[in-house]
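So the protein sequences, as listed, match chains A and B.
Just so it is clear: in the first sequence, position 277 is 277 by UniProt numbering, and no numbers are missing.
Just so it is clear: in the second sequence, position 378 is 378 by UniProt numbering, and no numbers are missing.
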Amino acid sequence: MAGYKPVAIQTYPILGEKITQDTLYWNNYKTPVQIKEFGAVSKVDFSPQPPYNYAVTASSRIHIYGRYSQEPIKTFSRFKDTAYCATFRQDGRLLVAGSEDGGVQLFDISGRAPLRQFEGHTKAVHTVDFTADKYHVVSGADDYTVKLWDIPNSKEILTFKEHSDYVRCGCASKLNPDLFITGSYDHTVKMFDARTSESVLCVEHGQPVESVLLFPSGGLLVSAGGRYVKVWDMLKGGQLLVSLKNHHKTVTCLCLSSSGQRLLSGSLDRKVKVYSTTSYKVVHSFDYAASILSLALAHEDETIVVGMTNGILSVKHRKSEAKKESLPRRRRPAYRTFIKGKNYMKQRDDILINRPAKKHLELYDRDLKHFRISKALDRVLDPTCTIKTPEITVSIIKELNRRGVLANALAGRDEKEISHVLNFLIRNLSQPRFAPVLINAAEIIIDIYLPVIGQSPVVDKKFLVLQGLVEKEIDYQRELLETLGMMDMLFATMRRKEGTSVLEHTSDGFPENKKIES
Amino acid sequence: MAAGGGGSCDPLAPAGVPCAFSPHSQAYFALASTDGHLRVWETANNRLHQEYVPSAHLSGTCTCLAWAPARLQAKESPQRKKRKSEAVGMSNQTDLLALGTAVGSILLYSTVKGELHSKLISGGHDNRVNCIQWHQDSGCLYSCSDDKHIVEWNVQTCKVKCKWKGDNSSVSSLCISPDGKMLLSAGRTIKLWVLETKEVYRHFTGHATPVSSLMFTTIRPPNESQPFDGITGLYFLSGAVHDRLLNVWQVRSENKEKSAVMSFTVTDEPVYIDLTLSENKEEPVKLAVVCRDGQVHLFEHILNGYCKKPLTSNCTIQIATPGKGKKSTPKPIPILAAGFCSDKMSLLLVYGSWFQPTIERVALNSREPHMCLVRDISNCWAPKVETAITKVRTPVMNSEAKVLVPGIPGHHAAIKPAPPQTEQVETKRKSGGNEVSIEERLGAMDIDTHKKGKEDLQTNSFPVLLTQGLESNDFEILNKVLQTRNVNLIKKTVLRMPLHTIIPLLQELTKRLQGHPNSAVLMVQWLKCVLTVHASYLSTLPDLVPQLGTLYQLMESRVKTFQKLSHLHGKLILLITQVTASEKTKGATSPGQKAKLVYEEESSEEESDDEIADKDSEDNWDEDEEESESEKDEDVEEEDEDAEGKDEENGEDRDTASEKELNGDSDLDPENESEEE
């Protein structure tokens, strides 16, 4: 029994953006929930403890949102002026915030009035953070100073006056209770040690620093300012590891993913970029409606919260994976039914006769096998097939052409069917991978239907469109030919210098092209 | 003052432009646009009534305006009385319009005369005027300013009657009580003054940001049990900058309750508020609030004591454009102002752009919670671009409108410019103290601030945009730049591109060359430009071949089909001309017959050719062929004339070839059928 050989469907590389693990991961979020705040959202901070609430600082208020609530579950509004940088303590029970009038206020999450007020800064305090021992607060202000406060007796412990411009960002080390870092508009990032009275390290960022971030290990420091994000190695005394320039406006905020494998940066150019921390390449990017001022990721990257200049807070939740489980599972035959008898070991005297495995044929293959060529063509000209998998349609057309029956298959169609075919041609004729086959098919169609042309306005219109398309493609190719001439000139100038390499290249080029064509 | 913070410098500037409906009949709508022009529109037919350009409109922009109450225009300034009593006849018309400017002067403009009536400068404010209120009957004018003072003016003598300090920071809003004996002022707190003694009667606190609007909502107290002393028991309304809540307060006899009795919540900061006063207990107050996001919220509420939760609107009105075609989505049109008509049942909406607003009367239907009106403003929305920098311009308007140009400079502008207003929004976070302006600091640090708007693309911004797009791989920006058709622009852009972006640009072009010919043609233009402009640079690259190799291969493989395509194109042209020709013959039959006669001989020749090839199918084809061939031959003639050299080489002989094929196909037909069966 001579087996039927199914039509080989050519596979082509998928054009367009590559799907990586990262795009899958970062696209797996629901459509964002948008919450309108009272002013530009300058800071978002997640509580490190469950239930992972987050504090949003906007205008003169701090709102605390729960994981799924769109209404604030708590509000701190006792600020006389704009509040800044509301940050949770490591245990999630205290919250500290700076203010435009120079005050630093400490709140209990369950309370309403501030527990402590640290007075001492003369200008707006834009950054505050808790140190690793939980009992101190670091603050940086527009009066160029950085202060360390003691929580129990609300006293100022130390003041550093090393910056020569506004101090706008900072963070404390998660491991060492004495270390903290501040970034300033004087283009520097300084590391301070509370045991000494001056900075222990200073790196020059080159732009006013808008945000700093310390890796959990404390070994790497990330600073953002201007259009640059820079990564510094602290253990080597502040050596610049990488400088990233992927935004076209000022980068305003930084954030690490929970695994520590990805770095996120938000910018005034309305984009959030995700970098891999091993290669420092952009692996994904998000678009937002307005300039981004603040960005935070929840525990396990469950939620991405982004605050923008127009006062809108965008909250994206990760799609839950439990949903697929909940679908009623169809009962399938057990595994042993499939392997029944397959694992029988051959004894010495047995003669094993294999039953040929039943070949599964596609529907069009079945038609082709039985020489129903028109039907096979009909099947692959179905809109679902032509749009989703045009390569199958093209392969069938090619196969029919090889058999020499393409004309027969195309003949004898009514207005509707022929317009289907023409539609397909119009859609795919300009694609270089399909062009040779389809041009041939188009010529055959014209030859067949020449006598009846002019009878159906629909088909005539289709022909007109096709003609327009072909004309454009020809113009385009003519332009390309001219450009090729230019490039030949360029390569020729190269050849004078290093004659061999070009020759090799062109000889490489041809066989490849032939492969594509065939 | 440091406590003022970032918000105090321009409370409403980016959102609202000073505008007002004329009182009582709402016949006119006055609008002082940001370019310094005062325009008065007729609300009934949406026409420009008058336009006036104050002589110092650039240095002292108009910050607020107020119509005089209708009764006032009978009283005139002393100089005018001497001359003529021309204004006697128009007793029912509103006339005076008070304009406050950013430099502290107040102008009185007469719409009847169409010129500046008088100006109030001496002894007044020395900073931006924030609000002006006319007293209902005494002919007084009250104004408040950033210089913390409230001034009472005598309009007839143009002199200051009284000036007192109203607050510790700038006073942003004023309102006069319905009986005319009290004045509300708002700075950091809301104060109620007794006008006779200028003493504070009550304090109200509650807004975190500067109060931008104040209004009395009732003229009688709700409970009539107590004797009414003119103020106690009245409600008033306040809105603040960056605040989505409008608070309602009650003036109480006892001084203990200081917070708001209720509040209305809206979607964005309010920019224009209008209301109908409730005259008795049962009638609800109707409130129309225009928000910064261009929506109007309508509230209808009987003010009756304390309410804990903020009230939401009964009705929201939005305006959008009709979507043209399938793909374009309707765009929202911002509503700029809204005013209740005197019958309280319909609303005048002002929408569109500030330069050419459309005014429309809309009947209210309180039952629907949401109204979306579809309006097409594309035909009337034509912002004129004026390049000549002249102080006074003649605007485009209809013939009935008067053009008013002040002969003598109206008032003296101080040299101090108005504070920059637009840039503040974006850099709100960074706005620090007052010692050095952020602009100077940025200038000193020499950072390139990319403030190029995406909407107004210019030649010089193209290279910057393209570089940005390539660096951040921004699809939108790249699309915007690369899809230009202007060859000149492309050339200039490529010339100005920095060298290190050339290779990324080529890579981007390589990606885009693979698409549909429609868009790919544009990319070829770019590619050609890059190759011609930067040829020398490219040829010096050591790794040119690996860089451009893929591009070269890609183009080469695409060009492979050129010959076949040209062939197909020739066929198609023939086909199309045939179709059009057949359409022509449908209209006129006689020339078709002629053609048949002429070419019969030739067709028979061809048939003889075909006879060699096949004989079976001839009877099938006879009828069709004769017709089609005669038509076709006609076309061949035409074709040769029309399309000149385009496909001369394969004109006739191809035609015959196709004929052969065609007959061959028909030959196969019976086979085909048998196969299928």
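Glycine included, every Cβ here is placed at the ideal spot set by N, Cα and C.
Coarse secondary structure for residue i, derived from DSSP in three states
i       : result
C307(B) : coil
I353(A) : coil
L505(B) : helix
N246(A) : coil
E648(B) : Unreliable positioning characterises E648(B) in this predicted model, as indicated by a pLDDT of 42, which lies under 50. A coordinate reading is not provided.
F215(A) : coil
C253(A) : strand
E607(B) : Since pLDDT at E607(B) reaches only 43, below the 50 mark, its modelled position is unreliable, and the value read off the structure follows with that caveat. It is helical.
I109(A) : coil
Pair within 9 angstroms by beta-carbon distance, residue i and residue j
i       : j       : result
Y54(A)  : T303(A) : yes
N154(B) : C144(B) : no
T218(B) : L287(B) : no
L295(A) : G266(A) : yes
T347(B) : V271(B) : Here the sequence assigns Leu to residue 347(B), which means Thr is not the residue at that position. No, these two residues do not count as a Cβ contact at 9 angstroms.
S105(B) : H125(B) : yes
L506(B) : L551(B) : yes
T483(A) : L349(B) : no
L97(B)  : V151(B) : no
S212(B) : V241(B) : yes
L254(A) : S291(A) : no
I35(A)  : V315(A) : yes
Outcome for residue i when other beta-carbon atoms lying within 10 angstroms are tallied against a minimum of 16
i              : result
G410(B)        : Bear in mind that the predicted position of G410(B) carries a pLDDT of just 39, short of 50, making it unreliable; the figure below should be weighed with that in mind. The residue is buried, with at least 16 neighbouring Cβ atoms inside 10 Å.
V7(A)          : buried
V394(A)        : buried
residue 691(B) : An answer regarding residue 691(B) cannot be provided, because it is not within the stretch 1 to 677 covered by chain B.
K319(A)        : exposed
T57(A)         : buried
S430(A)        : buried
W354(B)        : buried
K461(A)        : exposed
R402(A)        : exposed
P457(A)        : exposed
E476(B)        : exposed
E673(B)        : Below a pLDDT of 50, predicted positions are generally treated as unreliable, and E673(B), at 41, falls in that range; the measurement from the model is reported next regardless. Counting Cβ neighbours within 10 Å, E673(B) comes out exposed, since fewer than 16 surround it.
E602(B)        : Caution applies to E602(B), whose pLDDT of 46 falls short of 50 and renders its modelled position unreliable; the value that the coordinates give is listed next. Under this definition E602(B) is an exposed residue.
T11(A)         : exposed
T390(B)        : Below a pLDDT of 50, predicted positions are generally treated as unreliable, and T390(B), at 40, falls in that range; the measurement from the model is reported next regardless. Classification of T390(B): exposed, given that the 10 Å Cβ count is below 16.
E508(B)        : buried
Limits of the alpha helix (DSSP H) - the one that residue i falls within
i       : result
T493(B) : 487-496
M523(B) : 517-533
K436(A) : The sequence given here has Pro at residue 436(A), not Lys. Its alpha helix (DSSP H) spans residues 435-449.
H420(A) : 415-428
M555(B) : 544-559
Terminal residues of the beta strand (DSSP E) in which residue i lies
i       : result
L347(B) : 346-352
G202(A) : Inspection of the sequence shows that residue 202(A) is occupied by Cys rather than by Gly. That run of the beta strand (DSSP E) goes 199-204.
R361(B) : 357-363
F180(A) : 179-184
N247(B) : 245-250
G469(B) : Premise fails: G469(B) lies in the alpha helix (DSSP H), 461-472, not in any beta strand (DSSP E).
DSSP bridge partner residues for residue i (one or two, in chain order)
i              : result
residue 678(B) : No answer is possible for residue 678(B): the residues shown for chain B start at 1 and end at 677.
Q133(B)        : Y142(B)
N154(B)        : C140(B), K159(B)
K346(A)        : In the DSSP output, where bridge partners are listed per residue, K346(A) has none listed.
M191(A)        : I181(A), L201(A)
N28(A)         : Beta-bridge pairing links N28(A) to no other residue.
beta-carbon residue i near the ligand HEM non-hydrogen atom, thresh 8 angstroms
i       : result
L347(B) : Among the ligands in the structure shown, none appear at all, so the ligand HEM cannot be discussed.
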